[in-house]
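Colleague:
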Amino acid sequence: MSTDGATMLTETGADAATVIRLENITKRFGAITAVNDISLNLKENEFFALLGPSGCGKTTLLRMIAGFESLNEGRILLDGKDIAPLRPNRRPINLMFQSFALFPHMSVRANVSYGLEMEGVRGSELKSRVDRILETTQLTEYASRKPDQLSGGQRQRVALARALVKEPRVLLLDEPLAALDKKLREHMQLELKRLQHEVGITFVVVTHDQEEALVMADRIALMRDGEVKQCASPAELYEHPNSRFVADFIGVMNFLDGEVSVEGVVVQGLGVLTGRSNGDTRTGDRACLAVRPERLTVAPSSAERLIHDNVLDGTLTDIAYHGQDIGLHIAVGDAGQVLISRLSAAAEGAADFKVGDTVQVGWQTQNALILPDDSKT
Amino acid sequence: MSARIPRRRDPAKLFLGGHLWLVYTFLYVPILVLMALSFNDLGLPTAWGGVSLKWYGELAQNDAVLRAALNTVIVAVVSTILATLLGTLLAFGVERRQRRNNTMEALLFAPMIIPDIVLAIALLSFFTALNFTLGLHSIIMSHVVFNIAFVCAVVRTRLRNFDFSIVEASIDLGAGEVTTFRRVTLPAIFPGVLAGGLLAFTLSVDEFIIAYFTAGAGQGSTTLPMQIYSMIRFGVTPEINAMATIVMLVSFTLVFISQRIDRKAISQ
Amino acid sequence: MYQRLRTFLFVGPGLAWLTFFMVVPCLLVFLYSFFERGVYGGIVYDFTFENFDRAFDPLYLAILLKSAKIAGLATLIALLIAYPAAYAIARAPAQRQPVYLFLVMLPFWSNYLIRTYAWIVMLNREGLINRALLDFGLVGEALPLLYNEASVVTGLVYNYVPFVILAIYSSISRLNPEIAEASEDLGAPSYKTFLRVILPLTLPGIAAGAVFVFVLSIGNFITPDLLGGGRVQMVGNLIYDQFLEARDWPFGSALSLILIGVMMCLLFAQAVAVNRSAEGTR
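Chains as they are written, first to last, in the numbering used here: chain U, 1 to 377; chain V, 1001 to 1268; chain F, 2001 to 2282.
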């Protein structure tokens, strides 16, 4: 609550107006608390991602905003008004379903017109608004087709068009790319971002794919067990995770477990290692030192001693080839903790490493983080 | 901050729930009334003379009913065995073929939808044209016709979820066709065969019109439904309530058993 | 070759049985319908269309039409009862649905004659319903509830409604629940969601149930016989009479063919309806 409150305050700036304000939302299913006291501000015209492993409550939160789940506690304010008592069909918010949920017995045009007809839009206005959105989503030539005559990507665009044509205040997207194959998914990530810019509507996307969230979103709320662990921009999340869970979930991270001392973290068998502290840890706490693979420098033992703030000796146990770069797996210390380093395949000396080599690994204090150990909670 | 749970009174839901209970009332009241009456000492629908097993006693003395019950069991058992055998083989042959054969599908579908009365007169014409002596055996032959179709349909639904590659795996491991069928295929689909057999048995026990037309003139091959029909048609005696109660309890027990088998098959 | 032989061994015996005891007898009925009746029953092998002519003479046509009317009425009422019931079951908690369905189907598995007889007990002059009406003083004298078209329709609905519920339930439960939610999300009130989305998408279930009731009702013999008490004659009873009483087999055969013809048309129409909507749901 304290960290959420803090981020909420710092991000409710004057630069962008708040569209939706979630205040202390809690949802319980029997004994299970699916969403636990979440507060968030969704701003005008932003691309917001709810990210987290399955079962973290992100879809429940989305369905509460859409109106398909009731809340046990808290308020949902849209432009300052509480919308909790409104049924889904009375909220100026639309949801794009994970299964797309297109009406199989209606043509693309009928699917897209449906929502406007419900608002009482008729005649030429209906036609022109539908035509316009079909054009924006490049569906004009498929207007008379039925959903089963479309490809996965086209179906996704129909689902988008159907929701966007109503010009909602907020568009909610539940795992919008999960039904697509990998190639198409990468293409659609950028396509969704472009569309969001073009229509200028706040998008809230639910996803379990951190890469997807990093590519598309302006801000990400990373959730676990019904709580928001951190809410920040993609770069902030990557560079300044506030906990071990966040650091582990976003990208690849090396962890060395130990105990906080005055100088840094004391790791069994490796001594005192240094990193930045965000102030959440105190001397004597269990904590871990986290370093991104690309922040590690590796050199053969035979070479000159590295001049980094921390230098460890180890043995190369594995080399993983990824194409543009290679991953070096290095076992350090008596316990044989493995650190992963990444370096460009084109880097000087990269091709000379062999499994079994003794190497030295180094990093600067500013490139490592001391994080509270929340892995067991 | 106020805790609030928006509750919606949903009149549609109330209506649906109420309607469902009315439907159950509609379905069960006649049956329960009949069962209750079978214990009425007076045997009348209008006046209650106390609980008694009098009519069950009389039923047990009724030779015609007992004879009919025995005939029904004979017809049902024999036709079920024959139909289960032929129907299971058919299901296999049809499902293993890659291409659908429309004539075959029609032939397998026809016995399930053809009106009983039509099949009954067709079989009567057929047996008469051949100068065939009618009796229990002709009822059995006739019952096998529709039972094959039902067994086949049930087994086929089971086979549709059946992974035919395990048959190939067994052959790949060195088993012959027969061994494979006995040790791999049959155990895998046995619940389906059993369910099909139970369905066939139930249908055969209940079947009236075809039996009525193909039983011949003698009293010797009267089945239970034929007996029930004549009891209803020509003078209602309270014994029939007792018999109806017994017949229903037997069928319900069979349904319960087949449900258990089904559930087991699903959980496997 | 080997494949073929094996297929034949599997399929052969069953097919032979069906051919011998179903196809051949039905062909015989087909043939008989074009022959004449002998003076003392029996068949005279002279080709004629007279049997079909006779079937459409006003006396018999009236029976055909009345059968269709009774079957149609039973179908309509069964659908009206079954749809909301199926909908209620489909909306119940998932773990309770099998129990509700089982309770619907259970009476369906008991003997047809007995289920029909139960309604004689209910509708009799001294039956339960009349007794109740008299006791509460709602009527002065017992109503003639039995042995009319209404009692026949009641019996047909009672016997077949469980299957209609099952058919409609299975098509409702196949619906992706997100589709109904999508309609609501797009601003549709519940009744519009039902009329524009749910009803059109459950049409195959409705069609299957309707055809089932209609087909089994129009060719029914037992229900009109027992609940109509000889006063309500349907095609089934007419065919029965031609074979067992009037001993006019050719005419009975012709009636059977007409019955099958009507049924085939309906099944065909249903197949078309299902195909068309299958295009939509895939």
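All C-beta atoms in this analysis are idealised placements derived from N, C-alpha and C, irrespective of residue type, glycine included.
Suppose you measure from the CA of Gly115(U) to the CA of Leu1090(V); what does that come to, to the nearest Å?
Modeller: Answer to the nearest angstrom: the Cα atoms are 51 Å apart.
Colleague: Residues of the stretch 103 to 129 of chain U with a CB closer than 7 Å to any CB of chain F: list them in chain order, please.
Modeller: Under the 7 Å Cβ criterion, the stretch 103 to 129 of chain U contributes Phe103, Pro104, His105, Tyr114, Gly115, Met118, Glu119.
Colleague: Any beta carbon of chain F sitting closer than 8 Å to that of Phe97(U)?
Modeller: Closer than 8 Å to some Cβ of chain F, the Cβ of Phe97(U) qualifies, so yes.
Colleague: Express the C-alpha separation of Ala303(U) and Gly349(U) in angstroms, rounding to a whole number.
Modeller: So the two alpha carbons sit approximately 11 Å from each other.
Colleague: Helix, strand or coil, according to DSSP, for Asp4(U) in the structure here?
Modeller: Because the pLDDT of Asp4(U) is 44, which lies under 50, any placement of that residue in the model is unreliable, and the number read from its coordinates should be weighed accordingly. Asp4(U): helix per DSSP, three-state reduction.
Colleague: Would you say Phe68(U) lies against chain F (beta-carbon separation less than 8 Å)?
Modeller: So yes, Phe68(U) belongs to the interface.
Colleague: Can you name, in chain order, every residue of its own chain whose Cβ lies under 7 Å from the Cβ of Ile1189(V), other than the five neighbours on each side?
Modeller: Only Val1155, Arg1158, Leu1159, Phe1162 meet the Cβ criterion.
Colleague: Taking Tyr2169(F) as the reference, which of Gly2042(F), Leu2079(F), Ala2055(F) has the closest Cα?
Modeller: Among Gly2042(F), Leu2079(F), Ala2055(F), the Cα nearest to that of Tyr2169(F) belongs to Leu2079(F).
Colleague: Whole angstroms are fine: how far does the CA of Leu2027(F) sit from the CA of Ile1121(V)?
Modeller: So the alpha carbons of these two residues sit roughly 12 Å apart.
Colleague: Which of helix, strand or coil does DSSP assign to Ser261(U)?
Modeller: Reduced to three states, the DSSP call for Ser261(U) is coil.
Colleague: Using a Cβ cut-off of 8 Å, which residues of the stretch 168 to 200 of chain U contact any Cβ in chain F, in chain order?
Modeller: Result list empty, no residue passes.
Colleague: At what residues does the alpha helix (DSSP H) containing Phe2102(F) begin and finish?
Modeller: Its alpha helix (DSSP H) spans residues 2097 to 2105.
Colleague: Which residues does DSSP list as the beta-bridge partners of Ala299(U)?
Modeller: Beta-bridge pairing links Ala299(U) to Gln360(U).
Colleague: Per DSSP, what kind of secondary structure is Met223(U) in: helix, strand or coil?
Modeller: Three-state DSSP puts Met223(U) in a strand.
Colleague: Hey, is Pro241(U)'s beta-carbon within less than 8 Å of any beta-carbon in chain F?
Modeller: No, because no Cβ of chain F sits closer than 8 Å to the Cβ of Pro241(U).
Colleague: Any idea if Met1112(V) is buried or exposed, counting beta-carbon neighbours within 10 angstroms, 16 or more meaning buried?
Modeller: With fewer than 16 other Cβ atoms within 10 Å, it is exposed.
Colleague: Just to confirm, is the Cβ distance from Ala1076(V) to Ser1251(V) under 8 Å?
Modeller: Against a cut-off of 8 Å, the Cβ pair of Ser1251(V) and Ala1076(V) comes out as no contact.
Colleague: Give a yes or no on whether the minimum CB-CB distance between Met1112(V) and chain F is below 8 Å.
Modeller: Chain F, which has no Cβ nearer than 8 Å to the Cβ of Met1112(V), makes this no.
Colleague: Could you please tell me which residues of the stretch 2234 to 2245 of chain F, in chain order, have their CB closer than 7 Å to any CB of chain V?
Modeller: Those residues of the stretch 2234 to 2245 of chain F that come within reach of chain V (Cβ to Cβ, closer than 7 Å) are Gly2236, Ile2239, Tyr2240, Phe2243.
Colleague: Nearest to Leu2015(F) by CA position, among Pro1115(V), Leu1107(V), Gly1216(V), Thr1253(V), is which residue?
Modeller: The candidate whose alpha carbon is nearest that of Leu2015(F) is Leu1107(V).
Colleague: Which residues in chain F have a C-beta closer than 8 Å to the C-beta of Phe1252(V)? List them in chain order.
Modeller: Result: Leu2106, Trp2109, Ser2110.
Colleague: Whose C-beta lies closer than 7 Å to the C-beta of Gly200(U) among residues of the same chain, with five residues either side of it excluded?
Modeller: Closer than 7 Å at Cβ, skipping near neighbours: Asn45.
Colleague: What did DSSP end up calling Glu69(U) once you bin it into helix, strand or coil?
Modeller: Correct three-state label for Glu69(U): coil.
Colleague: Do Ala84(U) and Ile93(U) come within 8 Å of each other at the CB atom, strictly closer than that value?
Modeller: Not in contact: Ile93(U) and Ala84(U) (Cβ atoms no closer than 8 Å).
Colleague: What residues from the stretch 1136 to 1155 of chain V come within 8 Å of chain F, judged by C-beta to C-beta, listed N to C?
Modeller: Under the 8 Å Cβ criterion, the stretch 1136 to 1155 of chain V contributes Met1141, Ser1142, Val1144, Val1145, Ile1148, Ala1149, Cys1152.
Colleague: Val2011(F) and Leu2257(F) look like a contact to me (Cβ under 8 Å); what is the Cβ gap, rounded to whole Å?
Modeller: Incorrect: roughly 28 Å between the Cβ atoms, too far for contact.
Colleague: Please return the same chain residues whose Cβ sits closer than 6 Å to the Cβ of Leu1086(V), not counting the five positions on each side in sequence.
Modeller: Result list for Leu1086(V): Ile1148, in chain order.
Colleague: Would you give the residue range spanned by the beta strand (DSSP E) that Phe203(U) belongs to?
Modeller: Unbroken beta strand (DSSP E) run through Phe203(U): 202 to 207.
Colleague: Closest Cβ-Cβ distance between Lys81(U) and chain F: below 8 Å?
Modeller: Not an interface residue.
Colleague: Going by DSSP in three states, Asp1163(V) sits in which element: helix, strand or coil?
Modeller: Of the three classes helix, strand and coil, the one that applies to Asp1163(V) here is coil, per DSSP.
Colleague: With Phe1201(V) and Thr1088(V) assumed to form a contact (beta carbons below 8 Å), what rounded beta-carbon distance in angstroms separates them?
Modeller: Between Thr1088(V) and Phe1201(V) the Cβ distance is about 15 Å, and since that is not below 8 Å, they are no contact.
Colleague: Between Leu369(U) and Ala290(U), is the Cβ-Cβ spacing less than 8 Å?
Modeller: Contact flag set, yes.
Colleague: Measure the C-alpha to C-alpha separation of Leu237(U) and Val215(U) and round it to an integer number of angstroms.
Modeller: Distance between the alpha carbons of Leu237(U) and Val215(U): 13 Å.
Colleague: Between which two residues does the alpha helix (DSSP H) carrying Ser2171(F) extend?
Modeller: Segment 2149 to 2173, the alpha helix (DSSP H) holding Ser2171(F).
Colleague: Below 8 Å between beta carbons: does that hold for Leu1020(V) and Ala2088(F)?
Modeller: Yes, the Cβ-Cβ distance between Leu1020(V) and Ala2088(F) is below 8 Å.
Colleague: Can a CB atom of chain F be found closer than 8 Å to the CB of Phe1164(V)?
Modeller: Output row for Phe1164(V): interface = no.
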